[in-house]
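Note that the protein sequences, when read in sequence, are chains A and B. Numbered continuously in the working numbering, the first sequence closes out at residue 301. Numbered continuously in the working numbering, the second sequence closes out at residue 565. Ideal Cβ placement from N, Cα and C applies to all residues, glycine included. A short write-up of the structure that comes next.
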Amino acid sequence: MTTAATTPPTPPAAPAPATPAESPNTGPSGFAAFPRVVAMEWTKFRTVRSTVYSFLALVIVTLGLAALITWLSVSSWDTLDADRRAAYHRDATGTILSSGIGLGQVAICVLGIMVIASEYSTGMIRASLLAVPKRTPMLAAKGLVFAAVTFVIGEIVSFGAFAIGAPILRSKVRVSLGDHGVLRALIGVGLYLMMLGLFALAVGAIIRHTAGAIIAVIVFVVVLAPLAQLLPGSLGKHVHAYLPTEAGQLVGQSAQGPKDLLSPWQGYGVFCLWTAVLLLAAGWLLKRRDA
Amino acid sequence: MGVALIEVQDLSKRYGDTTAVDHLTFAVQPGRITGFLGPNGAGKSTTMRLILGLDRPNSGTATIDGVPYARLREPLRKVGALLEARAVHTGRSAYHHLRCLAQSQGLPRTRVDEVLRLVGLTEVARKRAGGFSLGMGQRLGIAAALLGDPHVLILDEPVNGLDPEGVLWIRNLMKALAGAGKTILVSSHLMSEMAQTADHLVVIGRGKLIADESVEDFIARSSERSVLVRTPQPAQLIKELERVDADVTTADDGALIVRGMAAAEIGEKASAARVVLHELTPQRASLEEAFMELTRESVQYHADSGLSPEQPPIVGSGALAAPAVPAAESEVAE
């Protein structure tokens, strides 16, 4: 210590103390400390590029496709598949939105996975768990921050897609915000995206590898639904209806489809249940596994 | 005060069939640098991860000030850690990395600027950490460790892969921190590095404790004195020396290795017996050699442990006989 360090950049003289030393175990505990963890997760969330890119992709893809597909449908209305025309008449809102959300939701799945899996791939998880050694508050705060932001942006996208799609559709089907079920469907799409994000986050937290988790979510969302429909009789119908995203999407429809077994809120409840179970499993595993 | 800050009790960790840490018990006393020494794969990193609550032990406990790490309320204000593997999101800037950690502990923004200045990363604080060189990454890790101005620092191979400049910087930093009263547990697989910085040594091999003693004791114990003698009349000298109970062996090149007698005394005996001496050189093993011998010993213990299970391989001061001193790379002792 006496020999002054001649090495750059700064001689490590007595390091300045931080804020007045508190005794180690007098800091806020439990719920009082949670806002700090939320602040940490908020900083983490907004300071990586993948967050911005994913939300940009969600907005551009959803609004773009909602406009494009609605316009294509209107301009080729007479040659359009009869089922498709019926769908526009029965549930114009849901049909406009799903044309964009169908692909746009992939961005939310990927971001939800990256939010946690990238911590494992980069090693950041070790820094996070050293700061929050109880672990589960970290996952809870992460979920809270991600869900809140996704909900807000999901609602913007949802209302935006409707605002773009409804005027395009106007010459064929008239739909307005005041129509039965429309407002619920628009809010529902934001809720669906939020829950989908948490669902993906939970899968990412369980699998801990970005690629593996993406495959798992794709299996859930894309592969299982058609497979379930292949099951014989009403069994297939029921299994299909209770699959997480199939059930969850119902809340984004303004009117029930002819084959829908669950009501919009029942469907959303099923999706919430799936997500809750996965999040609990993720929290339990986070607590138990070596980081 | 004599109360250990870090206490490891009967700690074990297995990964599948491999036992990384094997019933390890040691304590780290406050206010000094404790070197945590062992060859690569000895279980140093695992032990540190267990102390920090990152891994769950199969048995035993590790506490900091009597409390498991996971129960510390503001852990970064109590313990600073630099892990061997990087713990930074490559896409985040150094500033934001430290900022989010500071927020979790209720530390002010100004503290982030302070530690950035301390480690000399102010200029690149807004750059993505993924683009940092090994040395810069290590500095960022040190900054994170110092963020909460902790009393305890746990540093895993802090000089690994650094250039000489970086090594010197970390060495001086550790000395400065110890001078300021911090407790430091620093791991290394290089004895020479530890000899320059540590006050106390905890040596492990294959997850088991080999030594827990001061650096001076370790050196004294590890470098049993011997004297290299060359003479054209070896037989006569051996007879003279063995009469006074010195232990003499003949090296491959005909030189004699004498143990249990100082060089001056050998010279006097030779002179009295009118034996001509061509060389009379006191030797001791280099620290590196002594350390390798010690840890090799631990491997043998491990292999033999089935034969004498009741005999614990844990060795206190002096119980482990110092191994034969290699004649090569001799050093002249004062």
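Asked	Found
Start and end residues, beta strand (DSSP E) containing B/Leu472	Looking at the DSSP string, B/Leu472 is not in any beta strand (DSSP E); the run it does join, the alpha helix (DSSP H), is 465-474.
Distance CB(B/Val239)-CB(B/Thr277) smaller than 9 Å	no
Residues bridged to B/Asp286 [DSSP beta-bridge criterion]	In DSSP, B/Asp286 forms no bridge with anything.
Beta-carbon proximity of B/Val433 to B/Phe257, cut-off 9 Å	yes
Same chain, Cβ closer than 8 Å to A/Ile224, five either side skipped, listed in chain order	Cys119, Val120, Ile123
Classification of B/Gln514 by the beta-carbon crowding that lies within 10 angstroms, buried from 16 upward	buried
Proximal chain A residues relative to B/Asp286, where beta-carbon distance stays under 8 Å	Asp300, Ala301
Residue interval of the beta strand (DSSP E) (run including B/Tyr246)	237-246
C-alpha gap between A/Ala102 and A/Arg194, whole angstroms	13 Å
Chain A contact residues for B/Leu314, given Cβ-Cβ distances below 9 Å	Gly133, Arg136, Ala137, Leu140
Residues near A/Ala301 by beta carbon distance below 7 Å, same chain, minus five either side	Ile135, Arg136, Leu139
Straight-line Cα distance separating B/Leu377 from B/Gly362	22 Å
Same chain, Cβ closer than 7 Å to A/Val199, five either side skipped, listed in chain order	Leu107, Ile111, Gly164, Ser168, Gly262
Proximal residues of chain B, C-beta to C-beta of A/Ser64 below 7 Å	Per Cβ cutoff of 7 Å: no residues; A/Ser64 is ~13 Å from chain B at best.
Contact with chain A by B/His431, beta-carbon distance below 9 Å	no
Every unbroken beta strand (DSSP E) within the segment 98-170 of chain A, with a cutoff of 3 residues, ordered by chain	none
Within the segment 203-237 of chain A, ranges of the alpha helix (DSSP H) (whole runs, at least 4 residues)	220-228
A/Pro274, buried or exposed, once every other Cβ within 10 Å from all chains shown has been counted against 16	buried
Per-residue contacts from B/Arg357 into chain A (C-beta, under 9 Å)	None at all; the shortest Cβ gap to chain A is about 10 Å.
Cβ of B/Gln240 within 9 Å of any chain A Cβ	no
One or two residues paired with B/Glu510 in a DSSP bridge	B/Arg461
Residue environment, B/Leu365, which counts as buried when at least 16 other CB atoms sit within 10 Å	exposed
First and last residue of the uninterrupted alpha helix (DSSP H) at B/Ala495	494-503
Min CB distance A/Val58 to chain B below 9 Å	yes
Neighbouring residues, chain A, relative to B/Gln260 (Cβ below 9 Å)	Ordered by position in chain A, no residue passes the 9 Å Cβ test against B/Gln260, which lies about 18 Å from the chain.
Nearest residue (CA-CA) to A/Phe172, options A/Leu196, A/Leu149, A/Val162	A/Leu196
Interface residues of chain A facing B/Pro306 [CB-CB closer than 9 Å]	Pro34, Leu140, Ala141, Val142, Pro143
Contacts around A/Trp52, its chain only, beta-carbon distance under 6 Å, and the 5 residues preceding and following it disregarded	Val155
Opposing strand residues paired with B/His431 [DSSP bridges]	B/Thr265, B/Ser445
C-beta contact flag for A/Lys144 and B/Ala301 at 9 Å	yes
Interface residues of chain A facing B/Thr321 [CB-CB closer than 8 Å]	Thr132
DSSP state of B/Ala312 mapped onto helix, strand, coil	strand
B/Arg359 in three-state terms, based on DSSP	strand
Residue from B/Gln467, B/Met492, B/Asp484 whose Cα sits closest to the Cα of B/Asp476	B/Met492
Interface partners of B/Arg474 on chain A, CB under 9 Å	Here the premise fails: no neighbours, minimum Cβ distance about 50 Å.
A/His190, enclosing beta strand (DSSP E) - first and last residue	No beta strand (DSSP E) contains A/His190, which DSSP labels as neither H nor E.
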